[in-house]
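Asks: Please see the structure below; I have some questions.
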Amino acid sequence: MNHHSIALSIEKVSKSFHKGGQRPWPWPARKRNGNGRQEIKAIDQISLSIQRGEIFGVLGANGSGKSTLIRLVSTLLIPDHGTITVLGHDVRYDEMAVKRLINRVSVDAALFKKLSALENLTYAARLYGLDARQAQKDAIDILEKLGIGRNRLRSPLEDMSRGMQQKVAIARALLTTPVLLLLDEPTTGLDPRSKREVQKFVLQLREVHDTTVLLTSHDMDEADRLCDRIAILDEGKIVALDTPAGLRAMVERTNGHEPTMEDAFMALTGKRLVDGEADVEEGEEEEDPAFGHVL
Amino acid sequence: MSLLTREARVTYAFVERNFNLVKRYWGWEVVWLVYSIVNALSITFIGKASAAITGQTMTQTEIDQVILYLLLGTLVWHYLAVVFHGISEMIAWERWEGTIEYTFMAPISRFTHMIGSTLFSLLYGLLHTGVILAVVALFFRLDLSRANLLGATMVLVAGSMSMVGLGIMASVMPLLFPERGAQMTHVLQASVLLVSGVYYPIEVLPGWMQEVATVSPVTYVLQGARAAIIDGASFGELLRFVWPLLIIGAVLVPAGVYIFGVCERYAKRTGRLKRNG
Chain A
2 MNHHSIALSI
12 EKVSKSFHKG
22 GQRPWPWPAR
32 KRNGNGRQEI
42 KAIDQISLSI
52 QRGEIFGVLG
62 ANGSGKSTLI
72 RLVSTLLIPD
82 HGTITVLGHD
92 VRYDEMAVKR
102 LINRVSVDAA
112 LFKKLSALEN
122 LTYAARLYGL
132 DARQAQKDAI
142 DILEKLGIGR
152 NRLRSPLEDM
162 SRGMQQKVAI
172 ARALLTTPVL
182 LLLDEPTTGL
192 DPRSKREVQK
202 FVLQLREVHD
212 TTVLLTSHDM
222 DEADRLCDRI
232 AILDEGKIVA
242 LDTPAGLRAM
252 VERTNGHEPT
262 MEDAFMALTG
272 KRLVDGEADV
282 EEGEEEEDPA
292 FGHVL
Chain B
36 MSLLTREARV
46 TYAFVERNFN
56 LVKRYWGWEV
66 VWLVYSIVNA
76 LSITFIGKAS
86 AAITGQTMTQ
96 TEIDQVILYL
106 LLGTLVWHYL
116 AVVFHGISEM
126 IAWERWEGTI
136 EYTFMAPISR
146 FTHMIGSTLF
156 SLLYGLLHTG
166 VILAVVALFF
176 RLDLSRANLL
186 GATMVLVAGS
196 MSMVGLGIMA
206 SVMPLLFPER
216 GAQMTHVLQA
226 SVLLVSGVYY
236 PIEVLPGWMQ
246 EVATVSPVTY
256 VLQGARAAII
266 DGASFGELLR
276 FVWPLLIIGA
286 VLVPAGVYIF
296 GVCERYAKRT
306 GRLKRNG
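Going down the list, the protein sequences come from chains A and B.
What the first sequence shows, in our numbering, is residues 2 to 296, in sequence order.
What the second sequence shows, in our numbering, is residues 36 to 312, in sequence order.
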């Protein structure tokens, strides 16, 4: 197998966090009810590989492990077990090489809100060792394609809508022409028009730059429209992985219509879907797995 | 592109970013500057009142000496506090802004990250301290005719590296303790100043504190600055304060970077980079 055709390889990766017994470092964890610390497996023995130029989707409810997976690939978390490689570079042992190949857009724009779009982008360009002047030209070009005019570039980001801030975050990620682009729910909270603009841009990225994209989303239609393959994540495990058509084909036709991606998701995870988010089982609480605090 | 060019660009990224942030948060910067000036004046007036407080007769020269002694303590404390906070809060601020993950994901060495934050803090600290000195000088007749200002600057710069090392170590607090880590850095700063003789000679401290003072870089900065300004010590005479600072800095900076690296890996294993302010 030509490893250079594989942009991202995840092999038997697991990641756990500890709940309740967690104490600030360096104190050891407190035992709870005599049963020890409660371990939350955020990612449980996941394996997948993504080809160069592929748009790969990860669908899952809150707490299914999507963002944890993105953070593991981004080198922001260290896996407990397994290996993750980006173009053959291990995220744990070859961190700097991986960082040069990737960029990420998170669900919150993660920008300095008091600074302008240009100031944020210039900062980002310099962080990646780019020439600031050229980066500004490229940034303006990308932002215009995303519907942000030059007249808005020098205003503080806090004066922009969330959708516009997210577009600036996308432009920031694209400035570095990453080989692997990690999009963690990039269109959550955007209006329908902004969503479509971003989705169209993602498709263009692959056509023009051959960028490989790992996309996590709650939006079934978005995943269906954009992704070459989709993995459905539930409680840290992959319950299904196939093309959108393949996933829909796993589900029986009901009520006289072809199964949708939403039908496939609900059938494969056994969860109801309300407003784009899966309900947790009654009596359970949503928790921040890293801290064991109830959200 | 050479490695040097790349590292220079990254370093400048932090300097430019912090400068832009200071511009945007200028209101808070003005508030802090006013507070710092008021604080400096409050302490320096103690010097002016020293005869009245002690009931002893003091000449104007002696009073001026006490004023300068206290003022230098205030200025050095303020400068080092700016440098210390600029580095120790590089984590806390980014966590508050929600940008910590983006910065930690960037292909930059943590050492370059810290140098960039440090450089800005050094420049900003000098500017801040200069403004305070200029304002306080309007309130008191300061006789600086004997002062070796360049020598004092040399001592200050030599001491800055040590504060950088301490600041890097302190910056692990907000990394490990997202909720209250930034406040913990104040404890470290205050403790260092206490044992270093910020407003008094270290000889008045208990014996065990005097022992600790010998390894505190701030002790040498304060003693060196006072020797240069009050006594007009020459460059040669100031070397006995400079070489300990260089040695301490040479130990603290790499130690700080190493400790930060260990804590960063711990934060990545336990998911502590995630939390925002």
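Just so it is clear, CB atoms sit at the ideal spot from N, CA and C, and this is done for glycine as well.
#1: Within a Cβ cutoff of 6 angstroms, which residues of the same chain sit near Gln-46(A), ignoring the five residues on either side of it in sequence?
#2: Suppose the cutoff is 6 angstroms on Cβ atoms and the five residues either side in sequence are ignored; what does the same chain contact list for Ala-270(B) look like?
#3: In whole angstroms, give me the CA-to-CA distance for Asp-222(A) and Arg-53(A).
#4: Once you ignore the five residues that flank Val-275(A) on each side, which residues in its own chain have a CB closer than 7 angstroms to its CB?
#5: Tell me the DSSP secondary structure of Ser-6(A) in three-state form.
#6: Quick check: Gly-232(B) and Thr-254(B), are their CB atoms within less than 9 angstroms of each other?
#7: According to DSSP, is Ile-79(A) helix, strand or coil?
#8: For Gly-35(A), I'd like the list of residues in its chain whose CB is within less than 7 angstroms of its CB, leaving aside the five on either flank, ordered along the chain.
#9: In angstroms with no decimal places, state the Cα-to-Cα distance between His-163(B) and Leu-68(B).
#10: In the structure shown, what three-state DSSP assignment does His-163(B) receive?
#11: Find the nearest neighbour of Tyr-60(B) within the set Leu-122(A), Asp-235(A), Pro-187(A), Leu-116(A), judged by alpha-carbon distance.
#12: How would you list, in chain order, the residues of chain B whose beta-carbon sits under 7 angstroms from the beta-carbon of Met-97(A)?
#13: Any idea if Gly-257(A) is buried or exposed, counting beta-carbon neighbours within 10 angstroms, 16 or more meaning buried?
#14: Would you verify that the beta carbon of Ser-15(A) is, or is not, closer than 9 angstroms to some beta carbon of chain D?
#15: Tell me, please, whether the CB atom of Val-45(B) is closer than 9 angstroms to any CB atom in chain A?
#16: When the distance is taken between beta carbons, is Glu-120(A) closer than 9 angstroms to Arg-52(B)?
#17: Between the stretch 143-158 of chain A and the stretch 66-82 of chain B, are three or more C-beta pairs nearer than 8 angstroms?
#18: What residues of chain B sit near Leu-77(A), judged by a beta carbon separation below 7 angstroms?
#19: Apart from the five residues just before and just after Gln-91(B), which ones in its own chain have a Cβ nearer than 6 angstroms to its Cβ?
#20: Throw me the rounded Cβ distance for the Thr-189(A) and His-219(A) pair, which I believe falls under 8 angstroms.
#21: If you compare alpha carbons, which of Val-190(B), Tyr-114(B), Glu-132(B) is closest to Leu-158(B)?
#22: Is the shortest distance between the beta-carbon of Gly-133(B) and the beta-carbons of chain A less than 9 angstroms?
#23: Please list, in chain order, all residues of the same chain as Thr-109(B) whose beta carbon is under 6 angstroms from its beta carbon, the five residues on each side excluded.
#24: My output table needs one value for Ala-241(A): the three-state DSSP class, helix, strand or coil.
#25: Find the nearest neighbour of Thr-76(A) within the set Gln-100(B), Val-111(B), Glu-136(B), Glu-124(B), judged by alpha-carbon distance.
#26: Any idea what DSSP makes of Asp-95(A), helix, strand or coil?
#27: When DSSP labels each residue in this structure, what does Ser-226(B) get in the three-state scheme?
#28: Hey, out of Lys-238(A), Met-165(A), Thr-217(A), Gln-39(A), whose CA is closest to Ala-111(A)'s CA?
#29: Establish whether the CB of Glu-51(B) and some CB of chain A are separated by less than 9 angstroms.
#30: By the criterion of Cβ-Cβ separation under 8 angstroms, what are the contact partners of Tyr-129(A) in chain B?
#31: Could you check what DSSP says for Gly-35(A) in three-state terms: helix, strand or coil?
#32: For Asp-192(A) and Leu-227(A), I'd like the C-alpha separation in whole angstroms.
#33: Compute the Euclidean distance between the alpha carbons of Val-19(B) and Ser-162(A), then round it to the nearest angstrom.
#34: Can you list, in chain order, the residues of the stretch 217-238 of chain B whose Cβ is nearer than 9 angstroms to any Cβ on chain A?
#35: How would you call His-82(A), buried or exposed, if buried means at least 16 neighbouring beta carbons within 10 angstroms?
#36: Quick one: Cα of Ala-136(A) to Cα of Arg-155(A), how far?
Replies: In short:
#1: Lys-13, Ser-15
#2: Note on identity: in this sequence residue 270(B) is Phe, with Ala being the wrong assignment. Gly-186.
#3: 23 angstroms
#4: Its pLDDT being 47, under 50, Val-275(A) is placed unreliably in this model, and the coordinates cannot settle the point.
#5: helix
#6: yes
#7: coil
#8: With a pLDDT of 49 at Gly-35(A), under the threshold of 50, the predicted position of this residue should be treated as unreliable, and no value is reported.
#9: 7 angstroms
#10: helix
#11: Leu-116(A)
#12: Pro-142
#13: exposed
#14: Of the protein chains in the structure, A and B, none is chain D.
#15: yes
#16: yes
#17: no
#18: Glu-136, Phe-139, Met-140, Lys-303, Leu-308
#19: none
#20: 7 angstroms
#21: Tyr-114(B)
#22: yes
#23: Ala-75, Ile-78
#24: strand
#25: Glu-136(B)
#26: coil
#27: helix
#28: Met-165(A)
#29: yes
#30: Ala-141, Pro-142
#31: A caution first: Gly-35(A) carries a pLDDT of 49, below 50, which makes its placement in the model too unreliable to give a value.
#32: 18 angstroms
#33: A question about residue 19(B) goes unanswered here, because the residues of chain B that appear run from 36 up to 312.
#34: none
#35: exposed
#36: 15 angstroms
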